[in-house]
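Residue numbers (the numbering used here), protein chains in the order written: chain A, 1 to 207; chain B, 208 to 414; chain C, 415 to 621.
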Amino acid sequence: MDERIAHALVWLDYAAVAVFGATGALAAARRKHDIVTFGFFAAITGVGGGTLRDLLLGAPVFWIDRWGYLAACLTAALVIWLTGLGRGRQRVLLWLDAVGLAAYSVVGAAKALALGAPALPSMVMGVLTACFGGVIRDVLAHEESVLLKREIYVTCAVVGAGLFVILRGFGLPGLPAGLIGAGAAFGVRAGAILWNWTLPGFPGRED
Amino acid sequence: MDERIAHALVWLDYAAVAVFGATGALAAARRKHDIVTFGFFAAITGVGGGTLRDLLLGAPVFWIDRWGYLAACLTAALVIWLTGLGRGRQRVLLWLDAVGLAAYSVVGAAKALALGAPALPSMVMGVLTACFGGVIRDVLAHEESVLLKREIYVTCAVVGAGLFVILRGFGLPGLPAGLIGAGAAFGVRAGAILWNWTLPGFPGRED
Amino acid sequence: MDERIAHALVWLDYAAVAVFGATGALAAARRKHDIVTFGFFAAITGVGGGTLRDLLLGAPVFWIDRWGYLAACLTAALVIWLTGLGRGRQRVLLWLDAVGLAAYSVVGAAKALALGAPALPSMVMGVLTACFGGVIRDVLAHEESVLLKREIYVTCAVVGAGLFVILRGFGLPGLPAGLIGAGAAFGVRAGAILWNWTLPGFPGRED
Chain A
1 MDERIAHALV
11 WLDYAAVAVF
21 GATGALAAAR
31 RKHDIVTFGF
41 FAAITGVGGG
51 TLRDLLLGAP
61 VFWIDRWGYL
71 AACLTAALVI
81 WLTGLGRGRQ
91 RVLLWLDAVG
101 LAAYSVVGAA
111 KALALGAPAL
121 PSMVMGVLTA
131 CFGGVIRDVL
141 AHEESVLLKR
151 EIYVTCAVVG
161 AGLFVILRGF
171 GLPGLPAGLI
181 GAGAAFGVRA
191 GAILWNWTLP
201 GFPGRED
Chain B
208 MDERIAHALV
218 WLDYAAVAVF
228 GATGALAAAR
238 RKHDIVTFGF
248 FAAITGVGGG
258 TLRDLLLGAP
268 VFWIDRWGYL
278 AACLTAALVI
288 WLTGLGRGRQ
298 RVLLWLDAVG
308 LAAYSVVGAA
318 KALALGAPAL
328 PSMVMGVLTA
338 CFGGVIRDVL
348 AHEESVLLKR
358 EIYVTCAVVG
368 AGLFVILRGF
378 GLPGLPAGLI
388 GAGAAFGVRA
398 GAILWNWTLP
408 GFPGRED
Chain C
415 MDERIAHALV
425 WLDYAAVAVF
435 GATGALAAAR
445 RKHDIVTFGF
455 FAAITGVGGG
465 TLRDLLLGAP
475 VFWIDRWGYL
485 AACLTAALVI
495 WLTGLGRGRQ
505 RVLLWLDAVG
515 LAAYSVVGAA
525 KALALGAPAL
535 PSMVMGVLTA
545 CFGGVIRDVL
555 AHEESVLLKR
565 EIYVTCAVVG
575 AGLFVILRGF
585 GLPGLPAGLI
595 GAGAAFGVRA
605 GAILWNWTLP
615 GFPGRED
């Protein structure tokens, strides 16, 4: 791969972890928590999804050997603590989170494929990487998890990871497949943010 | 082991994962979720307990290399989405879940013993394998977990895994020990379903 | 290391697991659960933090090969079941839990450093080891987790693990660094218990 692209990907990786971390700190801010709790939520949200991916794949957990990931989360927590978070900046964070979600759905699936997992488990791995940090955040914060809202969120990760895995299966190289997958995931998320897209709920009756 | 028995066990394994997955989809149905959430809950409930077992034992996670397990969960989610779930079928599912619970308490303990774990941790592994998928489902669905109900559920897994491990310790071969353990677990669960068996609660006062 | 100190540390380890386990059984007692649920909560609270640490570090999970840890948890559950838990004894348990918290923040960080992790991830590992059993207990018991209370708890683990890692970085041997770290952690926790110390909450407004 082009040296500069590889370099950009590493930065994107840190940026995505920091953005996810910031959403964790935001959850702490909503409840007026102290700085330690800010850091805890930022760390667990920022690295949670990738941690689960690495555990499931039997790979070394990515933030243990490179402390920069935790530092990125704690910095994000500190920034939110110091600057507060006005409504405008929350909006920015929402969009950055969409970028992270899109990027991570592809990154997670790519890592699983690279380690030899079949297509379907690799897709699931992409979805978990992108979404699980937020799920842990919501469970620990005692908030209704993103899983339980009708908002389209997990679906974007399914689209991104699924498209990437399918295009790779048809022989497309990693970079275009990744860009298309992440682009589609971001597009769906953008539609959900801007126009409140939702999928139809279960039509049946359960009794 | 007899070839046909080994074959039957593999099918039982997939069937148990699918049934657990269906109970996850059912949790999604109760809240009128969309199809993606159905799939997410089915997958996490279906493979959750076995995933934890494999992580704890340091074994490769069972569904990564064989995509059929995830496919079984997603199929179960689709079936429930398409057919709805009348009260009669929920009853069927309750009984199938009891079969899965009984089978998995033995399967989990057997895998732990095979990997060289001592008796007590192997029992615990059987209990976790059988119950943890449902526990994760309830935590993520923001429902009161099966742990917190007075209903006998975890106890069945304790009976199944415990009996299996003890009988193996006395030198009984795996197949009869497994059948006795799973049979006893199923029997206890059947009693709980049919006659609302419960164990006595903590008699003391905590203040 | 002195033979007797090594021996004392092993006992401290079992004692800490038993005390954490007892706090799990206490959560079960508050809701009048049955004996099986007592055991489940005791086990998951007692070994939960160390389990997460070992999984993240890629080390064999500590209680799989040595069944004494689970036995310590189950014994703690049984003791609380049989003796009940008056207000006086709850107070004792609170202080023992503070000792366990202090000890475990150092133990977790030391294990991570010994396995070659950098300073920051090792600190985080100490915090997770000390706190995560309690976090899982609260999530499964559907109670407000210790993370969400204003009470100083996680902070003590941050102090203990942080001080230990920093002192080790300055070349202090493990034993004095551990004693200072654990002592400071215990001191902070004691202040929180006796005088309701809290950290200032997030001063900003989030809208």
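All residues carry an ideal CB built from backbone N, CA and C; glycine is no exception.
Here the structure is a predicted model, which is why all the values come from computation and not from measurement.
Rounded C-alpha distance that separates residue i from residue j
i: Leu-74 of chain A; j: Ala-389 of chain B; result: 48 angstroms
i: Ile-494 of chain C; j: Phe-409 of chain B; result: 10 angstroms
i: Gly-381 of chain B; j: Arg-375 of chain B; result: 7 angstroms
i: Leu-96 of chain A; j: Ala-29 of chain A; result: 18 angstroms
i: Ala-16 of chain A; j: Thr-362 of chain B; result: 43 angstroms
i: Met-123 of chain A; j: Phe-454 of chain C; result: 33 angstroms
i: Ala-225 of chain B; j: Thr-405 of chain B; result: 27 angstroms
i: Val-573 of chain C; j: Phe-164 of chain A; result: 44 angstroms
i: Ala-184 of chain A; j: Leu-113 of chain A; result: 20 angstroms
i: Asp-261 of chain B; j: Leu-335 of chain B; result: 11 angstroms
i: Val-560 of chain C; j: Gly-548 of chain C; result: 7 angstroms
i: Asn-610 of chain C; j: Glu-417 of chain C; result: 39 angstroms
i: Gly-204 of chain A; j: Leu-508 of chain C; result: 50 angstroms
i: Pro-699 of chain C; j: Ala-77 of chain A; result: Shown here, chain C extends from 415 to 621; a query on residue 699 of chain C therefore has no answer.
i: Val-395 of chain B; j: His-421 of chain C; result: 43 angstroms
i: Gly-58 of chain A; j: Gly-498 of chain C; result: 43 angstroms
i: Ile-387 of chain B; j: Val-450 of chain C; result: 21 angstroms
i: Glu-226 of chain A; j: Tyr-483 of chain C; result: An answer regarding residue 226 of chain A cannot be provided, because it is not within the stretch 1 to 207 covered by chain A.
i: Ala-310 of chain B; j: Gly-463 of chain C; result: 29 angstroms
i: Ile-44 of chain A; j: Trp-270 of chain B; result: 25 angstroms
i: Ala-364 of chain B; j: Gly-307 of chain B; result: 10 angstroms
i: Lys-356 of chain B; j: Gly-162 of chain A; result: 38 angstroms
i: Pro-60 of chain A; j: Ala-110 of chain A; result: 16 angstroms
i: Leu-289 of chain B; j: Gly-108 of chain A; result: 30 angstroms
i: Asp-13 of chain A; j: Arg-31 of chain A; result: 28 angstroms
i: Leu-52 of chain A; j: Gly-438 of chain C; result: 25 angstroms
i: Ala-486 of chain C; j: Arg-89 of chain A; result: 50 angstroms
i: Cys-338 of chain B; j: Ala-119 of chain A; result: 28 angstroms
i: Leu-470 of chain C; j: Ala-98 of chain A; result: 27 angstroms
i: Ala-555 of chain C; j: Pro-407 of chain B; result: 19 angstroms
i: Gly-592 of chain C; j: Phe-434 of chain C; result: 20 angstroms
i: Phe-393 of chain B; j: Ser-312 of chain B; result: 10 angstroms
i: Val-139 of chain A; j: Ile-373 of chain B; result: 37 angstroms
Per DSSP, the bridge partner or partners of residue i
i: Asp-272 of chain B; result: In DSSP, Asp-272 of chain B forms no bridge with anything.
i: Ala-462 of chain C; result: First, the amino acid is wrong: residue 462 of chain C is Gly here, not Ala. According to DSSP, which records beta bridges pairwise, Gly-462 of chain C is partnered with nothing at all.
i: Asp-34 of chain A; result: C:Gly-615
Residue burial classification, residue i (beta-carbon count within 10 angstroms, cutoff 16)
i: His-240 of chain B; result: buried
i: Pro-121 of chain A; result: buried
i: Val-254 of chain B; result: buried
i: Val-424 of chain C; result: exposed
i: Asp-479 of chain C; result: exposed
i: Gly-585 of chain C; result: exposed
i: Arg-298 of chain B; result: exposed
i: Gly-333 of chain B; result: buried
i: Ala-436 of chain C; result: buried
i: Ile-566 of chain C; result: buried
i: Gly-323 of chain B; result: exposed
i: Leu-194 of chain A; result: exposed
i: Ile-550 of chain C; result: buried
i: Gly-398 of chain B; result: exposed
i: Ile-419 of chain C; result: exposed
Neighbour list for residue i in chain D, Cβ cutoff strictly below 9 angstroms
i: Ala-18 of chain A; result: Looking at the structure shown, chain D is missing, and the protein chains on hand are A, B and C.
query: For the segment 466 to 477 of chain C, which residues have a beta carbon sitting closer than 8 angstroms to at least one beta carbon of chain A?
result: Leu-469, Leu-470, Leu-471, Gly-472
- prompt: Between the segment 134 to 148 of chain A and chain B, which residues of the former have a C-beta closer than 8 angstroms to a C-beta of the latter?
  reply: Val-135, Val-139, Glu-144, Ser-145, Leu-147, Leu-148
message: At a CB distance below 9 angstroms, what residues from the segment 604 to 620 of chain C approach chain A? Give them in sequence order.
response: Those residues of the segment 604 to 620 of chain C that come within reach of chain A (Cβ to Cβ, closer than 9 angstroms) are Thr-612, Leu-613, Pro-614, Gly-615, Phe-616, Pro-617, Gly-618, Arg-619, Glu-620.
- prompt: Between the segment 516 to 531 of chain C and chain A, which residues of the former have a C-beta closer than 7 angstroms to a C-beta of the latter?
  reply: So the list reads Ala-531, given in the order they occur along the chain.
message: My parser needs the alpha helix (DSSP H) runs of 4 or more residues fully inside the segment 534 to 605 of chain C; what are they?
response: For the segment 534 to 605 of chain C, whole alpha helix (DSSP H) runs of length 4 or above, ordered along the chain, are 568 to 583.
query: At a Cβ cut of 8 angstroms, what residues of the segment 7 to 32 of chain A count as close to chain B, listed as they run along the chain?
result: none
query: Which residues, in chain order, does the segment 368 to 395 of chain B contribute to contact with chain C at a C-beta distance below 9 angstroms?
result: none
- prompt: Can you give, in chain order, each stretch of the alpha helix (DSSP H) that sits fully within the segment 87 to 116 of chain A and has at least 4 residues?
  reply: 87 to 114
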